[in-house]
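Order-wise, the sequence lines are chains F and Y. Residues in the first sequence are numbered consecutively from 1, following this note's numbering. Residues in the second sequence are numbered consecutively from 1001, following this note's numbering. Glycine included, each C-beta is placed from N, C-alpha and C at the ideal position. In this text the structure is predicted, and so the values were computed from the model without any measurement.
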Amino acid sequence: MDILRFATAGSVDDGKSTLIGRLLFDSKAIFEDQLAAVERTSRDRGEEGTNLALLTDGLRAEREQGITIDVAYRYFATPRRKFIIADTPGHIQYTRNMVTGASTADLAIVLVDARNGLTEQSRRHAFLTTLLRVPHLVLAVNKMDLVGYSQQVFDEICAEFSKFATKLEIPDLTFIPISALNGDNVVERSSNMSWYDGPSLLHHLEHLHIASDRNLIDVRFPVQYVIRPHASSDPELHDYRGYAGQVAGGVLKPGDEVLHMPSGFSTRIRKIEVAGREVAEAFPPMSVTLLLDDDVDISRGDMICRPNNRPHAAQDIEGMVCWMSADRPLAPRSRLIVKHTTRTVKGIVTDLHYRIDVNTLHRDEDATQLGLNEIGRVRLRLTQPVFADPYARNRLTGGMILIDEATNTTVGTVMITDAS
Amino acid sequence: MRSDYLLSQLDVLEAESIHIMREVAAEFERPTLLFSGGKDSIVMLALAEKAFRPANIPFPVMHVDTGHNFPEVLDYRDRRVAELGIRLVVASVQDSIDSGRAVEETGRWTSRNRLQTVTLLDAIEDNRFDVAFGGARRDEEKARAKERVFSFRDEFGQWDPKNQRPELWNLYNTRIKRGEHIRVFPLSNWTELDVWSYIERENLEIPAIYYAHERVVFERDGILLADNQFLQRTEDEQTFTATVRYRTVGDMTITGAVVSTAATVAEVIAEVAATRVTERGATRADDRVTEAAMEDRKREGYF
């Protein structure tokens, strides 16, 4: 059994909570006491029926305001897969939370209300999904029951979205007509839409091939921690020097020639261990320890790669920024702390090229700053190089977070387009 | 290892947890791991062992002892700590009460659950810990479902759910000022079933009370409580002997048992897979207070 992480985007009005409630309920991941609590609260508030949104909206403020504010993580499993849902808010003022949820997702479900067709919000969600390079996108056209299960309505929405999608890079796009409320095409194929010959949503989630989404070509091993047992009594361990970290790309095997950055020194992998046990190979997302043939001076923040395939040691970064702070804007000359893989450096914004309107994709080149939830293209200058790839090539070596020097809060995120 | 480069869900979760633990060890000065002897903290400690092998775990463990613990669990705790050769810090709720820092609750549902927060925060301050690993999982409870893996706490130990740091990819913001700390939850993405499957796969020893055994119990508000010296029974609350096991391990005064015949890990897994009630719902009186009981306690600095 493997894991599929998916993000759902949409608002309560699109039926997102009903859909999640349906997936959890039909896969028996909702328990009786949770359902009883939700039924009790729904009744106390005088709501008709059981409000499944109460299952996912966990914070007091969310229940009071009836909206999703922050990402909630939900778990369910079928005999084929374990699923982690990042349930993200749909409103524009919570764009940063959606970006957060999408960053680790293998797949995103964007919900559209069949009665309304594509809205500004669905376009925004699709854009953010591609900005974060979620490899698979499902456009779930919901509330098909309310349009008489009409194939024409579905086809029109698909056509309109396909046209919009040409402006985005979507590697894999699937359209599924559903009714979350009635369960049509959620778990089982629906007899109400015999014209639809695709899979149900759950079937699609269960059978989607995700192994090739990871970068297994470019070896990238950011050194996270150096393991040196201080056991002078044990001669075996006396000279032990293991480089621990999580593989960010490629496949590593004992005997492979590897190159250390920043030194440029080459050596070979002597041994790969997982928890002290020797393994034959390492690939993402394994956390392993590498033992090398030569005694190289390697520390946290360094990168191990292949001699003929290295990331850029980059001090100038071009990238798309999503700004996440309400307290201060991002503007040229903003100073920030930058965390990239296991390396933390300082940086300064040297240029803001444009701000992008997340609803229309229009680029405003006159923008002078980015406020909360705004997205734009920037250039950053770093005090020290980071070992980076374009985000499109590798999400782990192409992503960075920005931290405010004074408050220590995370104020933004960068998806690198170009590193030099 | 399979040729398609797919990992099982337990391998993925293990790799994620180990990454989190190494990140903490690399970036903080004085970490500690909260170890209660419960199954989640047992898995967490096993992961810490793996993360740093062949070196020793590079931080001490801490137990917030309510004074109302199951003796089987304390025995287990002491044995495990001795095995690993690590330091154990015991922060005692009784000491907090004796020194006047905490005041014992009164009433029928009296428990030292809430008082633990005082003891925990004092111990973090006294030991100058800047980060504490906790075994909480997001599937346990709806406020926890919203909490970050690296959960920032201000100088009062408070959690501000509306002002959490965005957490993207596997990049964690570890920066704090003096007096602040971070709670780190390496098991965030594990479910109860994952924890049990891992205990089985890794052949981890757990305290005997997790398996079916005979115990003298009584029923209170639908929860089966062990008859013990810390609880006053009313006349209606008659004791009886039942075959039970515990799904969670906490304070004896609020942790309920479930009727069960599951005597092995495999039987427990079968039972957990089939159950229709969450572990906290089945057995924890502390979450029944209000809809937002956990959120409120977490805001104050609870685990």
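Is there a Cβ from chain Y that is less than 8 angstroms from the Cβ of residue i?
| i | result |
| --- | --- |
| Ser103/F | yes |
| Ile178/F | no |
| Tyr75/F | yes |
| Gly276/F | yes |
| Gly399/F | yes |
| Ala72/F | yes |
| Thr413/F | yes |
| Tyr225/F | yes |
| Asp33/F | yes |
| Arg220/F | no |
| Asn182/F | no |
| Met303/F | no |
| Ile403/F | yes |
| Leu131/F | no |
| Leu396/F | yes |
| Met320/F | no |
Assign residue i to one of two classes, buried (16 or more other C-beta atoms within 10 Å of its C-beta) or exposed (fewer than that).
| i | result |
| --- | --- |
| Ser233/F | exposed |
| Gly1135/Y | buried |
| Ile272/F | buried |
| Pro1207/Y | buried |
| Arg1002/Y | Caution is warranted here: a pLDDT of 46 is assigned to Arg1002/Y, below 50, making its placement in the model unreliable, and the coordinate value is therefore given only provisionally. Exposed, since its Cβ has fewer than 16 Cβ neighbours within 10 Å. |
| Gly1107/Y | exposed |
| Leu290/F | buried |
| His362/F | exposed |
| Ser1099/Y | exposed |
| Trp195/F | exposed |
| Gln121/F | buried |
| Val378/F | buried |
| Asn142/F | buried |
| Val1244/Y | buried |
Step through the CB atoms of chain F and report whether any lies within less than 8 angstroms of the CB of residue i.
| i | result |
| --- | --- |
| Met1001/Y | Here the model assigns Met1001/Y a pLDDT of 42, short of 50, so the residue's position is not dependable, and the following value carries that caveat. At least one chain F Cβ lies under 8 angstroms of Met1001/Y. |
| Ile1018/Y | yes |
| Asp1004/Y | yes |
| Val1012/Y | yes |
| Lys1039/Y | no |
| Glu1029/Y | no |
| Ser1260/Y | no |
| Pro1054/Y | yes |
| Thr1264/Y | no |
| Leu1007/Y | yes |
| Arg1022/Y | yes |
| Val1277/Y | yes |
Bridge partners for residue i per DSSP, in chain order?
| i | result |
| --- | --- |
| Met303/F | Pro222/F and Met261/F |
| Leu137/F | Ala108/F and Leu173/F |
| Cys322/F | Ile375/F and Thr413/F |
| Glu273/F | Glu278/F and Thr289/F |
| Tyr1246/Y | Ala1257/Y |
| Pro1031/Y | Val1131/Y |
| Asp2/F | Arg81/F |
For the candidate residues the options, whose alpha-carbon lies nearest to that of residue i?
| i | options | result |
| --- | --- | --- |
| Ile1254/Y | Asp1227/Y, Gln1238/Y and Thr1234/Y | Asp1227/Y |
| Phe1240/Y | Thr1248/Y, Val1259/Y and Gly1250/Y | Val1259/Y |
| Gly101/F | Tyr391/F, Phe6/F, Gln384/F and Val147/F | Phe6/F |
| Leu1168/Y | Val38/F, Ser266/F, Arg343/F and Asn97/F | Asn97/F |
| Arg306/F | Ser266/F, Asp351/F, Thr174/F and Met1/F | Ser266/F |
| Ile84/F | Arg1153/Y, Lys1050/Y and Asp1194/Y | Asp1194/Y |
| Leu1074/Y | Ser1092/Y, Glu1023/Y and Glu1202/Y | Ser1092/Y |
| Gly90/F | Ser42/F, Asp14/F, Pro79/F and Thr18/F | Asp14/F |
| Thr78/F | His203/F, Leu173/F, Ser42/F and Ala108/F | His203/F |
| Leu330/F | Gln369/F, Pro222/F and Pro135/F | Gln369/F |
Answer yes or no: the CB of residue i versus the heavy atoms of the ligand COA, is any distance below 7 angstroms?
| i | result |
| --- | --- |
| Pro1161/Y | Although the ligand COA was asked about, the structure shown includes no ligands whatsoever. |
Self-check item: Proximal residues, the stretch 1177-1192 of chain Y versus chain F, C-beta separation under 8 angstroms
Solution: Lys1177, Ser1188, Asn1189 and Thr1191
Quiz prompt | Residues from the stretch 1164-1176 of chain Y in contact with chain F, defined by Cβ distance under 7 angstroms | solution = Gln1164, Arg1165, Pro1166, Glu1167, Leu1168, Trp1169, Asn1170, Leu1171, Asn1173, Arg1175 and Ile1176
Quiz prompt | Near-chain F residues of the stretch 1129-1160 of chain Y - C-beta to any C-beta below 7 angstroms | solution = Arg1138, Asp1139, Lys1142, Ala1143, Ala1145 and Lys1146
Quiz item: For the stretch 254-288 of chain F, which residues have a CB atom closer than 9 angstroms to at least one CB atom of chain Y, in sequence order?
Solution: Glu273, Val274, Ala275, Gly276, Arg277, Val279, Ala280, Glu281, Phe283, Pro284, Pro285, Met286, Ser287 and Val288
Practice problem: Output, in sequence order along the chain, the residues in the stretch 80-91 of chain F whose CB is closer than 7 angstroms to any CB in chain Y. | Solution: Lys82 and Ile84
Practice problem: Pull out every residue of the stretch 202-219 of chain F whose Cβ sits closer than 8 angstroms to any Cβ of chain Y, in chain order. | Solution: Ala211, Arg214 and Leu216
Exercise. Residues of the stretch 1200-1215 of chain Y with a CB closer than 8 angstroms to any CB of chain F: list them in chain order, please.
Key: none
Quiz item: Along the stretch 334-351 of chain F, what residues have a CB closer than 9 angstroms to any CB found in chain Y?
Solution: Ile337, Lys339, His340, Thr341, Thr342 and Thr344
Practice problem: Quick one: which residues of the stretch 105-124 of chain F get their C-beta closer than 8 angstroms to a C-beta of chain Y? List them in chain order. | Solution: none
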